[in-house]
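Novice: In UniProt numbering, the protein residues as written are 1 to 705.
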């Protein structure tokens, strides 16, 4: 037995044992090296929590470097050893009275970072002394510690008067202390906005602006963000604030520059003199341009913020269009943002230069960038009436290249130009139709089909072009099928004697041969409309369409004002207010409350309705949306009768139920959706036949011929 026992014994005690031995060594240097090894192991993810008592013994040392390492270990493993942390309290209290301000600040910071409730009672008195410490480094550390204490015990923090102490620290003579006090008060205010913990008034604003020049870059950002909510009393005060913030535009840190731009944009709203507003806008231009010399990731952030600035004040970069020209080595996301800004900066004076640049972009190798460039040319034509013809010529030149994706994108934007300027550029339609065989994308096919249907009376072979698509109707994308169906009906209404067979054929295919319910619905509507009153069909289908707007990507004024106050944050990159993507905001609760108010007005005449209302309100209270969506799709629908008056519009007649036709045609229905549509519009179109006996039945639109 003893012979085998030696195979299961070893003299190697393991790494933890060796570290424990070194931590208890009598030599200071050995203990210091052991603590470094423990921190290194902790950093790479090893569990060294078992060494907590041994590391704790090395707290009482005069070596600041060793003390920092021990405190770092305590912050990391305090939650796993809450009972043993109490053993370190005496050392913390002792260090908070140390003559060295670095040790005093270190002890306060460590006690604030240890998230153990048992240590909070021992933190208040050292923290109270630190807030009023003679050294500014200790005071600025204590300011942040108050915010950490508030996260754990908000009521105790207020009862002990630490909030008032923070407000007093805003008037501190040291700008570093002021900045940290502002950061702490801002964090506390965000946690409990209803308590109005921090509100900037005129006196505080002057003190913050005074401390602004001597703060670090992050302190300047904190102060500028705190000034966002301050509203000047008059134009003179707003002008003075802008003048005091202007030097921050020269800062090397882009975050400081964007924060300064934010304050300028907020305060120029209150300035009445147009000359002053123009002067401040001109001074914002060079710093914003300088941000574009940063790496691509920073450029993208700058461009997203510049887009917000230009929507608020387009004149800021009115003469700086060239700096937004795309470089060959720019990433795609930067190029696309530059294109958006180029469109915003376009006007009649620089249009020739811009079109020349966009035409060059359309010859690049990046397909997505080329598409966006061609689209930008069309948007310029829609934006400016006097530049539309020049844009059309550039688009025709690009179409003549024969490149498939260029041609297709050009046709898509030309369709929008036709909508903006109806009856102006029909002369280019033959050149567009020559590229019919090049099209292979749904958007381009749908755009050209729309053009053919809209201007069918000016196209001699419009029926041939429509039939070109009709041959593969079932294989086309739903977007193309819907547009083709409408274009055919338009062609028939404009040339009824020549296209009766064509419209019957496409209605037959769309109503009986398509699985898409939207296409069948539209075919049924057109069939019923043409059968009942062709003149009403003309009024509906050929109605005059309003021209499209110039820019459809502008933010609403309310959202824009919100984003201006959030420049330099993630909201300005997303172009969305923070409450739409930050968890914990109140907009979700408001929606639930609104839903409850709506359901509170439900009619509770019957017991079933009363029970259903209770279930809905209970689900909303529990935020259990899944219960609301647990519907029984197999149950029979409830149909309510709609009374008819003696006088009805022709479209009311189109929606009358025809139960006799529905019953006789139910065997031909593809599914329940077909049966419902047949009940609504009557039986499907009769099958096409060559016999003379049914010729009259197959021509229900004869009144137009």
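Quick reminder that beta carbons are idealized off the backbone N, C-alpha and C, glycines included.
#1: Would you call the CB atoms of residue 454 and residue 490 closer than 8 Å?
#2: Would you mind working out which of 71, 451 and 362 sits nearest residue 58, comparing C-alpha positions?
#3: Check for me: the alpha helix (DSSP H) holding residue 187 runs from which residue to which?
#4: Applying the 10 Å Cβ sphere with the 16-neighbour rule, what's the burial state of residue 363?
#5: Compute the distance between the beta-carbons of residue 429 and residue 382, then report whether it is under 8 Å.
#6: Identify whether residue 1 lies in helix, strand or coil by the three-state DSSP scheme.
#7: Out of 367, 416, 115 and 119, which has the shortest C-alpha to C-alpha gap to residue 91?
#8: Which one of 62, 194 and 558 has the shortest CA to CA distance from residue 100?
#9: Nearest-angstrom Cα distance between residue 124 and residue 233?
#10: Compute the beta-carbon to beta-carbon distance between residue 299 and residue 292, rounded to the nearest angstrom, for a pair I have assumed lies under 8 Å.
#11: Who are the Cβ neighbours of residue 23 in its own chain at under 8 Å, not counting the five residues just before and after it?
#12: From residue 145 to residue 336, what does the alpha carbon distance come to, in whole angstroms?
#13: What are the start and end residues of the alpha helix (DSSP H) that includes residue 245?
#14: Shortest alpha-carbon distance to residue 161 belongs to which of 134, 129, 523 and 539?
#15: Do residue 417 and residue 432 have their beta-carbon atoms positioned less than 8 Å apart in this structure?
#16: Please list the segments of the alpha helix (DSSP H) lying wholly inside the region 229 to 314, counting only runs of 4 or more residues, in order along the chain.
#17: What first and last residue would you give for the alpha helix (DSSP H) that runs through residue 126?
#18: Do three or more CB pairs link the region 527 to 537 to the region 270 to 279 at distances below 8 Å?
#19: Would residue 340 be called buried (16 or more neighbouring beta carbons within 10 Å of its own) or exposed?
#20: Using the Cβ count rule (16 or more neighbours within 10 Å means buried), how would you classify residue 524?
#21: Among the residues of its own chain, which have a CB less than 6 Å from the CB of residue 211, if the five just before and after it don't count?
#22: Taking the CB atoms as reference points, tell me whether residue 564 and residue 301 lie closer together than 8 Å.
#23: Do residue 317 and residue 310 have their beta-carbon atoms positioned less than 8 Å apart in this structure?
#24: Determine, using beta carbons only, whether residue 494 and residue 456 come nearer to each other than 8 Å.
#25: Within the same chain, show all residues whose beta-carbon is closer than 8 Å to that of residue 569, passing over the 5 residues directly before and after it, in chain order.
#26: If I'm right that residue 229 touches residue 200 with Cβ under 8 Å, what's the distance once you round it to whole angstroms?
#27: Going along the chain, which residues of its own chain have a beta-carbon closer than 6 Å to the beta-carbon of residue 107, five neighbours each way excluded?
#28: So, helix, strand or coil for residue 194, using DSSP?
#29: Taking buried to mean at least 16 other C-beta atoms within 10 Å of its own C-beta, is residue 260 buried or exposed?
#30: Cβ atoms of residue 312 and residue 246: under 8 Å apart, would you say?
#31: If you draw a straight line from the alpha carbon of residue 601 to that of residue 528, how long is it in whole angstroms?
#32: With DSSP collapsed to three states, give me the class of residue 363.
#33: Quick one: using the 10 Å Cβ neighbour count with 16 as the cut-off for buried, is residue 14 buried or exposed?
#34: In whole angstroms, give me the CA-to-CA distance for residue 218 and residue 208.
#35: Buried or exposed for residue 581, going by 16 or more other Cβ atoms inside 10 Å?
Specialist: In short, the structure shows the following:
#1: yes
#2: 71
#3: 175 to 191
#4: exposed
#5: no
#6: For residue 1, the pLDDT reaches just 46, beneath the cut-off of 50, and the residue's location in the model is therefore unreliable, although a value from the coordinates is still provided. Coil at residue 1, not helix or strand.
#7: 119
#8: 62
#9: 39 Å
#10: 6 Å
#11: 31, 34, 35, 38, 51, 54, 55, 57 and 58
#12: 44 Å
#13: 235 to 245
#14: 129
#15: no
#16: 235 to 245, 254 to 267, 274 to 290 and 296 to 312
#17: 120 to 131
#18: no
#19: buried
#20: buried
#21: 175 and 178
#22: no
#23: yes
#24: yes
#25: 578
#26: 6 Å
#27: 92, 95 and 96
#28: helix
#29: buried
#30: no
#31: Legend: pLDDT at residue 601 = 39, less than 50; position of this residue unreliable, no value from coordinates given.
#32: coil
#33: exposed
#34: 14 Å
#35: exposed
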